[in-house]
Amino acid sequence: GIDAFSMDDEPFSMAPETAGEAAAPVEESSPGAEDFSLDDLDTAGFDDFSLPDDIPAVPDESAVHEEPVPAEVSFDTPPGEDDPGLGSLDDLPSFDGGLPAWDMDESDGLNTPDASAGKIGDEISLDDITPRDAFSMNDGDVAESSPLSFEDDFGDFPGTGFDAEPKKEESFNDSSPVDDFVISGFSDFNDPVQGKRSGGGAPEKGETLPSEFTQEQYDSFLKNLDSYPLNLRIAIAQMISGDDFNEETIAALVHEVIQRPSAKVLANKLGKTLDRIIDIPRDFEKRSAAEYEASKTTLSYRLINQILPAALIAVFSFALIILIAFLTNKFIYRPLRAESLYKEGYALLEDEHYSQSLIKFNEADLYKSKKRWYFAFARGYREKRQYGMAEQMYERLLFRFNNDKTAGLEYARMELEDLLNYERAEEIVKRRVLDHYINDRDGMLLLGDIYMEWAGERDPSKYESARSTYATLMQLYGTTDLYMSRMMRYFIRTDNLREVLPLKDRFYGKKKNALEPADMVELSGYLLDKLYGPPGVRDDSLAPYIQDVRSMLEQALLAGPSIPEAGYNMGRYFVYTHNGTAAKELFEFVLPVFDAVPTMSSARVIRNIDTYRLLGEIYTDDLDYIKAEETYVAGIRLFEREKNRIPGDQRIGHLFADLADLDYFISGDLDQAFMNYSRAVEEAWDIPSVRYKMGYVQYHNRNYGDALGSFIKTVAEKPSDENALFALANTLYNRGDYYAAQGYYERLIELLDSQRTRYNVFLPQIRADHGILVEHYMYATNNLGVVQYRIADQTGDSRRRANAQVNFSESVRAWDALTRNPETLVRVDGTNLAAQNIRYASQPLPEFEPEIYGRLSPILYGESILHQNTGR
């Protein structure tokens, strides 16, 4: 059966829906024919039919309706048979009583045929039906050779010519004029009362249209209707032929079509009336084939359909090429080129061609900025100690990458650790980090560390700023081990042992790796000083509470072998415990570690210098004076390089004193020794031993005025030292200050007498301390007698002369005790200076002058003397 058919102003076809049936061929009718019929069409088993492709299209609204269609379409017999002309429906075989009737009710429009009428098709496709084909859809017969008309009931679909009981001789006249379109109620001009014209169809020539519509309006209606899409035309036909609307509404619709609004506007209005949506195809346009072919020759058509598309394709192709080139350049060439230049620049940096490396970096940066290469160059310059270039690179990195936090922190650490520029480090953290990352924990922690180092090096008032910063961190983020370790560092730097000990118990032995290696090193070194340090540093009151020092030192050394203070503290522990061999090994290990540190704080520089001193003293104790001198000189050279930025420290002065001792005792270069002792005093190593040795050199050079000052300072700090008192008294005697000399000799004899009373028996030949005591007594009494003799000569006081004789006798007795053989009690040959003074004093001659013991001890009482290496 026939399922669907379409009629357009292009050749149309009816697609077969029944499988296995071949469509009958269609032949083109002769030009100029005005009618076509369905005669001779064999419908038995017929499923589809189609028209020839060259049927001319129905002209659009611009065409004249009165012109006949140039070609005629007929449904012919099979191909190969000549067509004698258009047949009629009489020759069409019947379909069991006729063609089925097609109903179009009010709601559905087209309906399928009744089952009793025979199955022809399930649906009909009315694509591009033109109003040129006259339609008649009445309940009665179709008028022969007359245009079809729309009746009130609209029982049949326009253009089919099928009725409920079709007649055999109906024709489908395509040559009827366009004005044969009949509107129910408006097109029956001969019967104004009934609204119908007898016989239906368009009015004949000479007939007049009612006043509501003129012939021109009617023609316009058909012309305009032909220009709308098929679904819109069907909707208009449904509304006109249906019974749901009165004549006024239908007339308004006809008037609307005559006005020819746009298809979209008309579809919207009609859809509201029919209460449904009528879709209008996008870019709908209704033209005939001839008009379409003619439009192809126009400039606008060529411009729109040929030139403009070609231009768009060209532009798109060009834009695509440009885009591909741009993307290739941006994401392939430029990154690869930049990577190559960055690598070349970094290779130059490693070869220490810093200017050339910066040029390569700038060239690479023009191609593509890469953050990782910014960091690589900044860190490389820092490692090479090219701090100016490193600062420049960090500044560029912060500017280019919107104040990157990592860059700001690294920049500030370089200023803090390498350049010791605390003001600049504080500014970077505040302006480049904390201003952009409010209350950032890393930034605040670094700011507290800056204040801590700043206070230790230059401004102690910054300790409070550091404490406040750490307290704020704990308030914001809790009392974590990290922040508590910083507070412990604060208490160590401010020497608050009572606060350090509880924190030490918090971290040590209870939590593994709770402290950073640097904090563990600092804690262990601080406790070492408090337990074994010099009297000014050692805390004897809390010493019993200081425990686990050695294990902490070992743990610190294991945790931070690259931290030089770890080995330095462990070596000092062995020095304090008199394990010179272990101490020497540690100091020899730690000196290269100090050298590996790029830049050191002043405190670390001092510890490095002290390492040279301690190692040199170990070499001295081993009598390896050459290595000792080399080590001392290396430490002094380091001090000379760094002295402009480090304060005076006793450990540096001690290094100069140790070097002076080699000249003082070993080489005998007293002048060089005096110069180094003077440097030791300048560097805060102003101790009685150094002052005494300086006075000794001055006394040896008969510079009694300067020697007097040195000995006075020595006696002021060691008032009971026998050697110092004897040296000061001798210096005063040589200056002619006899009364002052008498007082110091008497003070010395009092000290010796108090010591002598503590011994019941003297054994000067057996015990060295007894021998030294007797020897000092012999010297002091003789010299006191000489001073008294001089005063007696000046004053004529005979009592002083008599006291001089008594002191000479005491000196002789001391000599006898030193020289008499304790077993045989036989005196040795010879005599002492006191015996000669007695001899000449008892037989005075004008030219005689008594003499003192003028030789001084090179060291203070109880000190040791460096001895020559005898091969031990």
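Positions 8 to 879 (our numbering) are the ones given, in order, by the sequence shown. We put the CB at the ideal spot given by N, CA and C, even for glycine.
Asked	Found
Of the residues Phe382, Gly712, Ser468, Asp602, which one's Cα is nearest the Cα of Tyr349?	Phe382
Going by DSSP in three states, Ile328 sits in which element: helix, strand or coil?	helix
Could you work out which residue in Leu621, Ala397, Arg765, Asn586 is closest to Val597 when comparing CA atoms only?	Leu621
Alpha helix (DSSP H) containing Glu624: first to last residue?	609 to 628
Taking Cβ positions, are Arg474 and Tyr490 nearer each other than 8 Å?	no
Is Asn767 helix, strand or coil when you go by DSSP?	coil
When the Cα atoms are used, what is the spatial distance from Ser307 to His262?	33 Å
Judging by CA-CA distance, which residue of Ile872, Asn814, Leu867 is the nearest neighbour of Pro857?	Asn814
Can you tell me whether Asp665 is helix, strand or coil according to DSSP?	helix
Does the distance from the C-beta atom of Ser492 to that of Asp526 stay below 8 Å?	yes
Excluding the five sequence neighbours on either side, which residues of its own chain have a C-beta within less than 6 Å of the C-beta of Gly352, listed in chain order?	Ser364, Lys367, Phe368
Determine the extent of the alpha helix (DSSP H) in which Ile845 is found, giving its start and end residues.	840 to 849
I need the straight-line Cα distance from Asp760 to Leu780, nearest angstrom please.	9 Å
Could you name the residues of the same chain whose beta carbon sits closer than 8 Å to that of Ser674, not counting the 5 residues immediately before and after it, in chain order?	none
Is it true that the CB of Leu549 sits closer than 8 Å to the CB of Asp728?	no
Could you compute how far the alpha carbon of Val556 sits from the alpha carbon of Tyr533?	10 Å
With Met682 as the anchor, note down where its alpha helix (DSSP H) starts and where it stops.	677 to 689
Quick check on Asn455: does DSSP put it in helix, strand or coil?	The sequence given here places Gly at residue 455; Asn does not occur at that position. Gly455: helix per DSSP, three-state reduction.
Which stretch, first to last residue, makes up the alpha helix (DSSP H) that contains Ile247?	237 to 248
Which residues in the same chain as Tyr684 place their Cβ atom closer than 7 Å to its Cβ, once the five residues preceding and following it in sequence are excluded?	Ala664, Ala667, Val697, Lys700, Met701
Work out the CA separation of Ile457 and Ser531 for me, nearest whole Å.	22 Å
Shorter than 7 Å, the distance from the beta carbon of Asp804 to the closest heavy atom of the ligand FAD, or not?	The ligand FAD is not part of the structure shown, which contains no ligands of any sort.
Hey, could you find the ends of the alpha helix (DSSP H) Met396 is sitting in?	394 to 407
Going by alpha carbons, who is nearest to Ile859 out of Ala603, Glu300, Gly792, Glu433?	Gly792
Should Arg862 be labelled buried (16 or more other beta-carbon atoms within 10 Å of its own) or exposed?	exposed
Helix, strand or coil for Gly803 per DSSP?	coil
Between Lys469, Lys511, Ala809, Asp512, which has its C-alpha nearest Thr501's C-alpha?	Lys469
Please name the residue in Asp488, Tyr374, Pro551 whose C-alpha comes closest to that of Glu523.	Asp488
Please list the terminal residues of the continuous alpha helix (DSSP H) segment that includes Asn737.	729 to 742
With a threshold of 8 Å between beta-carbons, can Asp536 be considered close to chain C, or not?	Considering every chain present, this structure includes no chain C. It has just one protein chain.
Can you tell me whether Arg341 is helix, strand or coil according to DSSP?	helix
Please identify the residue among Tyr388, Met682, Ile798 whose C-alpha is closest to the C-alpha of Leu669.	Met682
CA-CA distance, Glu211 and Phe220?	Reliability fails at Glu211, whose pLDDT of 42 lies under 50, so the model's placement of it is uncertain and the value that follows must be treated cautiously. Taking the straight line joining both Cα atoms gives about 16 Å.
Return the CA-CA distance between Lys437 and Leu454, expressed in angstroms with no decimal places.	8 Å
Exposed or buried, what is Leu3 when buried is set at 16 or more other beta-carbons lying within 10 Å of its beta-carbon?	Residue 3 is absent from the model: the chain starts at 8 and stops at 879.
What separation, rounded to the nearest whole angstrom, lies between the Cα atoms of Met481 and Arg431?	25 Å
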